[in-house]
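Worksheet: one structure, shown below.
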Amino acid sequence: MLDYVDSGDLRIQWREVNVFGSASERAAKAAYAAALQDKHWEFHEKLFTGGKPRAPQDLSEEALTSVAADIGLDMNQFDEDMNSPETAEAVEENARMGTDLGAFSTPTFILNEQPYVGAQPTAVFVDAIEQELEGQN
6 MLDYVDSGDL RIQWREVNVF GSASERAAKA AYAAALQDKH WEFHEKLFTG
56 GKPRAPQDLS EEALTSVAAD IGLDMNQFDE DMNSPETAEA VEENARMGTD
106 LGAFSTPTFI LNEQPYVGAQ PTAVFVDAIE QELEGQN
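For the sequence shown, this note's numbering gives the first residue as 6, with consecutive numbering after it.
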C-alpha cells in the first residue's frame, strides 16, 4: 500500500467512527484529542495493544485518561480537548461521513466511495486500486 502512497496514487486517511455507542464515541473523542497533540497513533497503538477488541469498561473516561497519561500527553489540554464542542462536532462529522459512505462496522475501508467492510486480504485492496488506476487511463 505504501508504494501507492509514495507514487501519489493513493491517499490514506484515518477517521475514528463511533459505531458501538457511547463507549466508542468517548474513545473517538479521546483519539481526536490525542491527535491535536500529534499523538494519535501512539494513543491508538497503546489503547489497542495486541489488536484485541476492547470492552466498554476498557473505554471508560478513566481508562482513556490513563492511556493519555502513559503516552505523555499534556493532561490539562487532553481533558479540555476531549470535552470540547469542537471535538464533539469533529467526531459527529466523522460519524455522518462514515454512515454516508457505508461504514457501519470496524474496520471499514473506503476506496473511491466503495466500502470494504471487515478485515480484507491485501490482494483485495491491490486489485481495487489497480482497477481504479486502469479506469483513469
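Glycine residues also receive a C-beta, built at the ideal position from the N, C-alpha and C atoms.
S29, buried or exposed, once every other Cβ within 10 Å from all chains shown has been counted against 16: buried
So for T111, helix, strand or coil by DSSP? coil
Given this structure, state the Cα-to-Cα distance separating S65 from Q136, to the nearest angstrom. 42 Å
Could you tell me the boundaries of the alpha helix (DSSP H) in which Q136 lies? 127-141
I'd like to check one pair, A33 with N23: are the Cβ atoms closer than 7 Å? For N23 and A33, yes; Cβs fall inside 7 Å.
From R31, Q82, Y121, residue whose alpha carbon lies closest to that of K44: Q82
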